[in-house]
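Peer 1: To start, I am sharing the structure in question, which I have written as structure tokens.
There are 2 protein chains.
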Amino acid sequence: MSGQTTYADWIAVDWGTTHLRAWAMVGGAVKAEASSDDGMGALDRDGFEPALLRLIEPWLGQGRIRVVTCGMVGSRQGWSEAPYVEVPKKPCDLMPVQAVARDQRLNVMIVPGLKQPAPADVMRGEETQIAGFLSTNKDFDGVLCLPGTHTKWVRISAEEVVSFQTCMTGEMFQLLAQNSVLRYSVAGHDSDQDAFADAVSDLISRPEKLAQRLFSLRAENVLNGLDPHVARARLSGYLIGAELASTKPYWLGQDVAIAGTLKLADAYAAALKTQGVIARVYDAAPLTCAGLARVHAALTESV
Amino acid sequence: MSGQTTYADWIAVDWGTTHLRAWAMVGGAVKAEASSDDGMGALDRDGFEPALLRLIEPWLGQGRIRVVTCGMVGSRQGWSEAPYVEVPKKPCDLMPVQAVARDQRLNVMIVPGLKQPAPADVMRGEETQIAGFLSTNKDFDGVLCLPGTHTKWVRISAEEVVSFQTCMTGEMFQLLAQNSVLRYSVAGHDSDQDAFADAVSDLISRPEKLAQRLFSLRAENVLNGLDPHVARARLSGYLIGAELASTKPYWLGQDVAIAGTLKLADAYAAALKTQGVIARVYDAAPLTCAGLARVHAALTESV
């Protein structure tokens, strides 16, 4: 690597649909951090390089620097397509794809996502989080849950992603809480833990009741003045309960770890606890960076 | 009633959250029709009378005219609250509530909605459609399904609404098809009937699979080029299938009628047919007007 850059040996980038985050790195250590709203969804193909430069220009020197990226930047609508790699696959063995940059200082590499032919499923970005998770949990043999807009349930054995399943629970919650008739009846952020746990258990034992339970939140509010904070906890519980009903083969009798923003990860842990499953919780924030650092290290060794 | 009005003996009004529709009536016959986007959601309390006058002014004469309304106009956020009446109740016996109007030509009556304490549920507007349905199906003893943004399943016996259940299926479909990540993978309007029926059956037999099935539409499109028209039919089938799983006590072994826009009513009929239930389909368009005409006739008789 060039020693002529100002702040960084290399740069790590997490480039999702709605956000762009970058870290100035020296080895595995973060020296600076920056982010913007220039997610993949807001950019056309020619917009990626300028968006990246706007963010990392202060970290660039005269020399060429490696920029290791992951996420939707590698999708068909991204900077350059990094085709999905089929599972089973070790995420730390994924070979990044080079993206064409006009600025000669940039050596941009994109980590590919993973695909599963049947049942059809895809991930982009989470494979790098998983690589980061495995860097400090090398012998993990079980299921890693990555809750978020699109929650991933991932079977891991011998450092390989064996299979995975995506649930749109986070997106459904946002749509229902903010854009549906339920927006008049749910409010707040802090969860009523008992209401949440009861709703989870209700839906796991009767998943067919989801369609009925949702509107009941509105009706209970209109007729009986149901507290919107309780309604919000129930909505979250119904949707996570429905997800757990759908993903039972992933957590029943398994060693389960959860990596996400701590609040959401704790909610999933509480939901699993209603079913007698004790899951370990990890903060996902450093995992992407740790995963990208593994890719950078592997590229450096192979040079 | 005054004989001095220009076009109408009375005026029928269906006032929902997003739309306002009015009919100039002579007895039970429609003489003219008008509509606007001045739904309840777009108006504050003082906005209702002007919105109505903008629409029906051409039909007014010198005299006082009765305007019979139903729908969200009677909600707490409406023109004047017409409190919910508890089931069991004959919808044609509902006593409308008078709303205060400044314009002396207007005699505005609002039909109240129905409520069910447990499981908590409410309807506004559908009670009038049901009254209209019963005007030509007096001896109906079974379940009436009113599909729409919020589908109602209604047990009817001896002209009474005995119980009912609301499902947000229509709203969920709109949100997922237009606002979620699935919007990139679903398209079109005409349904693939086989894909729809298979998705319905799949979800009725495995309702716990909903969370998994939804994202599969995106993944199948990305990996295998799933036709967005087929994906749309499946999305509709998964959601209606989940609704049928939730409402099974309403249709299993029951005499079922469906009243809605014909395309949506046909979809529900096709979904029920996968379960061996043959439902009669009715066009809902004239039902509200017919129901309001019954209220008008009852008020006229009681004068």
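Chains as they are written, first to last, in our numbering: chain A, 116 to 418; chain B, 116 to 418. Heads up, the beta-carbon is just placed ideally off N, CA and C, and yes, glycines get one too.
1. Please list, in chain order, the chain B residues whose beta carbon lies closer than 7 angstroms to that of Q280 of chain A.
2. With which residues is G275 of chain A paired in a DSSP beta bridge?
3. Any beta carbon from chain B within less than 9 angstroms of M224 of chain A's own beta carbon?
4. Can you check which of these residues, B:D381, B:G391, B:E358, is closest to Q369 of chain B by C-alpha distance?
5. Could you list which residues in chain A have their beta carbon closer than 9 angstroms to that of M283 of chain B, in chain order?
6. Under a CB-based cut-off of 9 angstroms, is Q231 of chain A close to chain B?
7. Name, going along the chain, the residues of the segment 349–373 of chain B whose beta-carbon falls closer than 9 angstroms to a beta-carbon of chain A.
8. Any beta carbon from chain A within less than 9 angstroms of L338 of chain B's own beta carbon?
9. How about L297 of chain A and L338 of chain A: do their beta carbons lie closer than 9 angstroms?
10. With DSSP as the reference, label D305 of chain A as helix, strand or coil.
11. Identify whether R112 of chain B lies in helix, strand or coil by the three-state DSSP scheme.
12. Name the residue from B:G178, B:T132, B:D161 whose alpha carbon lies nearest to the alpha carbon of S195 of chain B.
13. Closest by CA to L354 of chain B, which one among B:A386, B:L367, B:W366?
14. Distance check for T403 of chain B and W244 of chain B, CA to CA, integer angstroms please.
15. What does the alpha-carbon distance come out to for the pair R270 of chain A and V277 of chain B?
16. Quick one, which of A:G154, A:G178, A:M224 has its alpha-carbon nearest Q192 of chain A's?
17. For the beta strand (DSSP E) containing C260 of chain A, list its first residue and its last residue.
18. Contact criterion: CB-CB distance below 9 angstroms. Does E286 of chain B meet it with respect to chain A?
19. For a cutoff of 9 angstroms on Cβ pairs, would you count Y199 of chain B as touching chain E?
20. Compare the C-alpha of G181 of chain B against each of B:S331, B:S300, B:S361, B:L221 and name the closest.
21. For chain B, find out if any of its Cβ atoms is closer than 9 angstroms to the Cβ of V392 of chain A; answer yes or no.
22. What does a CB cutoff of less than 6 angstroms around Y397 of chain A pick up in its chain, not counting 5 residues either side in sequence?
23. Does DSSP classify R181 of chain A as helix, strand or coil?
24. Since M187 of chain A sits in a beta bridge, which residues does DSSP pair it with?
25. Give a yes or no on whether the minimum CB-CB distance between D236 of chain B and chain A is below 9 angstroms.
26. Hey, would you say A360 of chain B sits closer than 9 angstroms to A334 of chain A, going by beta carbons?
27. Kindly say whether P322 of chain B, judged by its beta-carbon, lies nearer than 9 angstroms to any beta-carbon of chain A.
28. Would you list, in chain order, the members of the segment 400–412 of chain B that have their beta-carbon closer than 7 angstroms to a beta-carbon of chain A?
29. Quick check: E242 of chain B and G257 of chain B, are their CB atoms within less than 9 angstroms of each other?
30. Inspect the CB distances between the segment 202–219 of chain A and the segment 127–134 of chain B and report whether three or more fall short of 8 angstroms.
31. Terminal residues of the continuous alpha helix (DSSP H) containing N294 of chain A?
32. H265 of chain A versus chain B: which residues are under 8 angstroms apart at the beta carbon?
33. Just checking my contact of G285 of chain A with R239 of chain A at CB under 8 angstroms: how many whole Å lie between their CB atoms?
34. If contacts are defined as beta-carbon pairs under 8 angstroms, then V301 of chain A and L350 of chain A qualify, I think. What distance do you get, rounded to the angstrom?
35. Distance cutoff 9 angstroms, beta carbons only. Does L209 of chain A sit that close to anything in chain B?
36. Check G340 of chain B in the structure and name its three-state DSSP category.
Peer 2: For this structure:
1. What Q280 of chain A touches in chain B: Q327.
2. Per the sequence presented here, residue 275 of chain A reads as Glu, with Gly not at that position. For E275 of chain A, which the question treats as bridged, DSSP gives the partners A:S272.
3. Judged by the 9 angstroms Cβ criterion, M224 of chain A is not in contact with chain B.
4. It is B:G391 whose Cα lies nearest to the Cα of Q369 of chain B.
5. Ordered by position in chain A, the residues that pass the 9 angstroms Cβ test against M283 of chain B are L291, S295, V296, L297, A326, L329, F330, R333.
6. By this cut-off, Q231 of chain A is an interface position.
7. Taken in chain order, the members of the segment 349–373 of chain B whose beta-carbon sits within less than 9 angstroms of a beta-carbon on chain A are L354, A357, E358, L359, A360, S361, T362, K363.
8. Contacts with chain A at 9 angstroms (Cβ-Cβ) include L338 of chain B.
9. Result no, Cβ atoms of L297 of chain A and L338 of chain A do not sit closer than 9 angstroms.
10. Of the three classes helix, strand and coil, the one that applies to D305 of chain A here is coil, per DSSP.
11. Nothing can be reported for residue 112 of chain B: it is not among the residues displayed for chain B, which extend from 116 to 418.
12. Cα-wise, what sits closest to S195 of chain B is B:D161.
13. Nearest Cα to L354 of chain B within the set B:A386, B:L367, B:W366: B:A386.
14. For clarity, residue 244 of chain B is Gln in the given sequence; the question names Trp instead. Linking Q244 of chain B to T403 of chain B through their CA atoms gives a straight-line distance of about 4 angstroms.
15. Distance between the alpha carbons of R270 of chain A and V277 of chain B is about 49 angstroms.
16. Proximity to Q192 of chain A across A:G154, A:G178, A:M224 peaks at A:G154, based on C-alpha coordinates.
17. Annotation for C260 of chain A: the continuous beta strand (DSSP E) segment containing it runs 257–261.
18. Under the 9 angstroms criterion on CB atoms, E286 of chain B is classed as interfacial with respect to chain A.
19. Among the protein chains of the structure shown, namely A and B, there is no chain E.
20. Reading off the sequence shown, one finds Arg at residue 181 of chain B, where the question assumed Gly. For the options B:S331, B:S300, B:S361, B:L221, the alpha carbon positioned closest to that of R181 of chain B is the one of B:L221.
21. It does not; no Cβ of chain B falls within 9 angstroms.
22. Closer than 6 angstroms at the Cβ level, and outside the excluded window around Y397 of chain A, lie A374.
23. It is a strand residue.
24. As computed with DSSP, M187 of chain A is found in no beta bridge at all.
25. For D236 of chain B, the answer is yes, since a Cβ of chain A falls inside 9 angstroms of its Cβ.
26. Taking the C-beta atoms as reference points, A334 of chain A is found no nearer than 9 angstroms to A360 of chain B.
27. Interface with chain A (9 angstroms Cβ-Cβ cutoff): P322 of chain B is included.
28. If the cut-off is 7 angstroms between Cβ atoms, the segment 400–412 of chain B has nothing near chain A.
29. No, the Cβ-Cβ distance between E242 of chain B and G257 of chain B is not below 9 angstroms.
30. Cβ pair count under 8 angstroms is below three, so no.
31. Residues 284–294.
32. The contacting residues are V296, F330.
33. The beta carbons of G285 of chain A and R239 of chain A sit about 16 angstroms from each other, so the pair does not count as a contact at 8 angstroms.
34. Right, their Cβ atoms sit about 6 angstroms apart.
35. No, L209 of chain A lies away from the interface with chain B (no Cβ there is under 9 angstroms from its Cβ).
36. Here G340 of chain B sits in coil by DSSP.
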